[in-house]
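Asks:
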Amino acid sequence: MNFEKYIINVPDFPIKGIQFKDITGLIGDGEAFHAAISELAEFSRLLNATKVVGPDARGFITGAPVAALLQVGFIPVRKPGKLPREVLTYDYDLEYGHNTLCMHKDAISKGDRVVIMDDLLATGGTMEATIKLVEAAGGEVVGLGFLIELSELKGRARLKNFPIKVLIQY
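Going from the sequence shown to this note's numbering is simple: count from 1 and add 2.
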């Protein structure tokens, strides 16, 4: 399926000079969304994933349905103050500031084979932080899946030790 035809380019969003890749056209079309999630789930199945992790918030859109198709657990990674129980945290720097991600401390067991899903691979900073959380919990990251990759931002180079599935490259 040509997933790219469902992506809407929005110039100057959220700031001037940025060409935003809007996935709502893809996820709003039942057939296209099902095909995309099925491809990501097959990638995860081949890696024998036992858990799927998705970072806040668009990683929930791809990760939760992949987990449901695989019949494995979905683990949300959130911003501080959004999870009700004891959490692991990871602080990291962005090109425009600082961020913190959190995951329930008991969400992953030692030896879990984890695939991390998100909508977009750009610089790889959020994904790298999510990997650190999974590893701190004792999980083994076995793969990363994305709807879109912005190749010019070289996020893949930052994540070179992991199998990566991308549906659309720009």
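No residue lacks a Cβ here, since even glycine has one placed at the ideal position from N, Cα and C.
Because the structure is a prediction, the values reported are computed rather than measured.
At a cut-off of 7 Å, would you count LYS107 as near the ligand COA, judging by its Cβ distance to the nearest heavy atom?
Replies: Ligands are entirely absent from the displayed structure, and the ligand COA is therefore not among its contents.
Asks: Within 10 Å of its beta-carbon, does ARG158 have 16 or more other beta-carbons around it, so buried, or fewer, so exposed?
Replies: Buried: at least 16 other Cβ atoms inside 10 Å.
Asks: Within this structure, are the beta carbons of GLU142 and ASP114 separated by less than 8 Å?
Replies: Closer than 8 Å, so yes.
Asks: Taking all protein chains shown into account, do 16 or more other C-beta atoms lie within 10 angstroms of the C-beta of GLY56, making it buried, or fewer, making it exposed?
Replies: GLY56 should be labelled buried.
Asks: With a 10 Å radius around its C-beta and 16 neighbouring C-beta atoms as the bar for buried, classify LYS53 as buried or exposed.
Replies: So LYS53 counts as buried.
Asks: Check whether the Cβ atoms of ARG87 and GLY126 lie closer than 8 Å to each other.
Replies: Contact: no.
Asks: If you draw a straight line from the C-alpha of GLU154 to the C-alpha of ALA124, how long is it?
Replies: Rounded to whole angstroms, GLU154 to ALA124 spans 8 Å at the Cα level.
Asks: Which class does ARG115 belong to by DSSP, given the choice of helix, strand or coil?
Replies: Looking at ARG115 - three-state DSSP - the assignment turns out to be strand.
Asks: By Cβ distance, which residues of its chain are closer than 8 Å to LEU103, with the 5 residues on each side in sequence left out?
Replies: Excluding residues within five positions, the ones whose Cβ falls inside 8 Å are PRO57, ASP58, VAL79, ARG80, LYS81, THR91, TYR92, TYR94, THR128, ALA131, THR132, LEU135.
Asks: Based on the DSSP output, what are the partners of ASN101 in its beta bridges?
Replies: Paired residue(s): TYR94.
Asks: Give the straight-line distance between the Cα atoms of PHE62 and TYR8, rounded to the nearest whole angstrom.
Replies: Approximately 19 Å between the Cα atoms of the pair.
Asks: Using C-beta distances below 7 Å, list every residue in its chain close to PHE35, excluding the 5 sequence neighbours before and after it, in chain order.
Replies: The residues are LEU28, ILE29.
Asks: When you compare the CB positions of PHE5 and PHE15, do they come within less than 8 Å of one another, or not?
Replies: No, the Cβ-Cβ distance between PHE5 and PHE15 is not below 8 Å.
Asks: Can you give the beta carbon distance from LEU152 to THR64, rounded, assuming they're within the 8 Å contact cut?
Replies: So it is not a contact: roughly 16 Å between Cβ atoms.
Asks: Return the CA-CA distance between LYS156 and PHE164, expressed in angstroms with no decimal places.
Replies: Approximately 14 Å, taken between the alpha carbons.
Asks: Compute the distance between the beta-carbons of GLY145 and LYS167, then report whether it is under 8 Å.
Replies: Yes, they are a contact pair.
Asks: How many whole angstroms separate the CB atoms of ALA38 and LEU169, which I take to be in contact at a CB cut-off of 8 Å?
Replies: The pair is a contact, with the Cβ atoms about 6 Å apart (cut-off 8 Å).
Asks: Between which residues of its own chain and LEU96 is the CB-CB distance below 6 Å, once the five residues before and five after are set aside?
Replies: Same-chain partners within the cutoff: GLY127.
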